[in-house]
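Worksheet: the structure to be examined is printed underneath.
Residue numbers (the numbering used here): 334 to 956.
Structural data, given as structure tokens:
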């Protein structure tokens, strides 16, 4: 009997753990913000192909390292390109930059023809290439591909295909395809071109993918899906199927922030710390050649405001063996950053490689990054690859930060992902700031609440990678470690931007059943604390206000006192229901408030006096 009880107890324990995990979710995006913003800047103009009419000559090499968003029009013929050129989604590509195929169209949204059955999605078509060579020229076509990456896994009924075009026949022919799968390392495909109908001037090739959506009828589920990533396409003569070596040395990922542990910190905080004494740089590059190569990596820092002299440093120099990958953070050099008298700084950081001999292909040996300092801390890089949420009413979400300099927290910025049906736009939440504390196991978790604001609504900015700013009703003086976050008023997914290219997993916590837990997802939530760029407000400038509401419960009239006194005239009053929805907004002009029109339930009242002091209280309505 005891044994059976243990089995039952273990069974229910496992169910509870599974339920907790299932309430913390990541969603795929229903759009590509980078493409949408690019089209806005370029006024949705058609991407015109290069005017070059002559066929391209061999060798044809494309590793997608020198363009972003859309393909190079000198090589690709698609008028409205649909593939996404990026470094955000691949996992350990052969070199920096890939072409991503998915379910997003040229405008940046899920295809209008998308369905749960496989449909033709993206396409990438080359410009004409001169392959007018004899058969014994041994022309080989090669490329690398990877399913999923950091995106969505293509299912078995999804596929990636490759077609060749026979110019004189005017026909396309399928030469390769593969079906969907979970993530694996990039694979290289080698194809000998021995069909003489392709060995003509005017040869072309095209990649296509067939995608399918999970459930188009569920709100918010009409999301991007089924990513494939293509890299390092090579066509040349005098090759064999064993010619798999790239003979290239280049970066694998872009350069990142020079600030330790953060993507950005407030400019005035940066100037007042030891961080300003050195840059800390992340580099990842590889030798894809079989030969031993002498490689040195360098970086430079340029002040775009012209206050700090340009600096250049050698990071690392040594021999690289075949397929050796260098990946590390480097602290090097010393830079004195000058206060420009402004509230922000902007620097161009460039990483580049010096190699012991020249290579014909040098596009991937340089990477740049714009280091921006403003008035906020950020772990994320400003681009979302997923949406994060908790599927539980009253769930708490907390994000840990440690301020370098004592300062006034004045706002919290949150990036909410836009969705095709805007299903999150009507949702409400409460905004919180917590102190830091240590639990019984010595783990730092959110402690006492030091700020709580009700009745805030999900705001989605027009520019889809922008943040919505929630200004605090009172500024809070902070130093050391603190947490910002929110409390949900419903069990709906709020779809906060989640950056998969930065990892602040150890800083993100959630609380569903009274226990704080660390997230199980690698990534960085797109939520940022904003500090004052001016003076620090004295803690005595804001008054602590105690709200008294009588009678409780009530069905018609309540009386409100602040610190034992009736409210002054012209105080602003906001009333929210238990879901965080504002149900009343008025200027208080008497000692009583009529609530007879409200339904039975619990309500929260927020009062802002003439000096900007804010207080909150609760009352119950019965009918």
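From the three backbone atoms N, C-alpha and C, an ideal C-beta is built for every residue, glycine too.
Here residue 545 really is in contact with residue 449; their C-beta atoms are around 6 Å apart, less than 8 Å. Residue state for residue 800 is assigned as coil, using DSSP reduced to three classes.
In the DSSP annotation of this structure, the continuous segment of the alpha helix (DSSP H) that includes residue 602 starts and ends at 600-604.
Counting only runs of 3 or more residues that sit fully inside the region 621-673, the beta strand (DSSP E) segments are 626-636, 644-653, 658-664, in chain order.
For the pair residue 825 and residue 750, the Cα-to-Cα distance works out to about 14 Å.
In summary, residue 623 is exposed, with fewer than 16 beta-carbon neighbours lying within 10 Å of its beta-carbon over all protein chains present. Residue 705 is bridged by DSSP to 679. Residue 752 is positioned such that its CB atom lies closer than 9 Å to that of residue 364. With fewer than 16 neighbouring CB atoms inside 10 Å of its own CB, residue 465 falls in the exposed class. Per DSSP, the beta-bridge partners of residue 917 are 908. 9 Å or more divides the Cβ of residue 427 from the Cβ of residue 615.
Where residue 741 is concerned, the enclosing beta strand (DSSP E) starts and stops at 729-747. Ranking 362, 396, 744, 489 by CA distance to the CA of residue 811 puts 744 first. For residue 686, the secondary structure class from DSSP, reduced to helix, strand or coil, is strand.
From the listed residues 438, 671, 588, the smallest Cα separation to residue 640 is found for 671.
Take residue 543, set aside five residues on each side of it, and the residues of its chain with a beta-carbon closer than 7 Å to its own are 451, 452, 453, 454, 491, 492, in chain order. About 6 Å separates the Cβ atoms of residue 359 and residue 854, confirming a contact at the 8 Å cut-off. Under the 10 Å beta carbon count, residue 541 is surrounded by 16 or more other beta carbons and is classified as buried.
In the three-state reduction of the DSSP assignment, residue 506 falls in the strand class, which pools E and B. Spatial neighbours of residue 919 in its own chain (CB-CB distance under 6 Å, excluding positions within 5 residues in sequence) are listed in chain order as 906. For the pair residue 537 and residue 497, the CB atoms are nearer than the 9 Å cut-off. In this structure residue 737 is in contact with residue 598, their Cβ atoms being roughly 7 Å apart against a cut-off of 8 Å. Residue 681 sits close to residue 634, with the two beta carbons spaced by under 9 Å. With 16 or more other CB atoms across the displayed protein chains lying within 10 angstroms of its CB, residue 861 is buried. The DSSP-derived three-state label of residue 768 is strand. Scanning the region 527-606 from its first residue to its last, the whole beta strand (DSSP E) runs of 3-plus residues come out as 534-544, 561-569, 582-584. Inter-segment contact for the region 921-941 and the region 949-956 is present: three or more beta-carbon pairs are separated by less than 8 Å. Secondary structure of residue 936 (DSSP, three-state): strand. Under the DSSP assignment, residue 849 falls in the beta strand (DSSP E) whose first and last residues are 849-851. In the assembly as shown, residue 469 is an exposed residue. Its beta-carbon has fewer than 16 other beta-carbons within 10 Å. If you check the CB distance, residue 800 and residue 747 come in under 9 Å. For residue 470, the three-state secondary structure derived from DSSP is helix.
Contact between residue 893 and residue 842 does not hold, since their C-beta atoms are separated by about 35 Å, which reaches or exceeds 8 Å. By the neighbour-count criterion, in which 16 or more other beta carbons inside 10 Å mark a residue as buried, residue 517 falls on the exposed side. Residue pairing by DSSP places residue 618 opposite 584, 659 in a beta bridge. For residue 431, the uninterrupted beta strand (DSSP E) segment begins and ends at 431-434.
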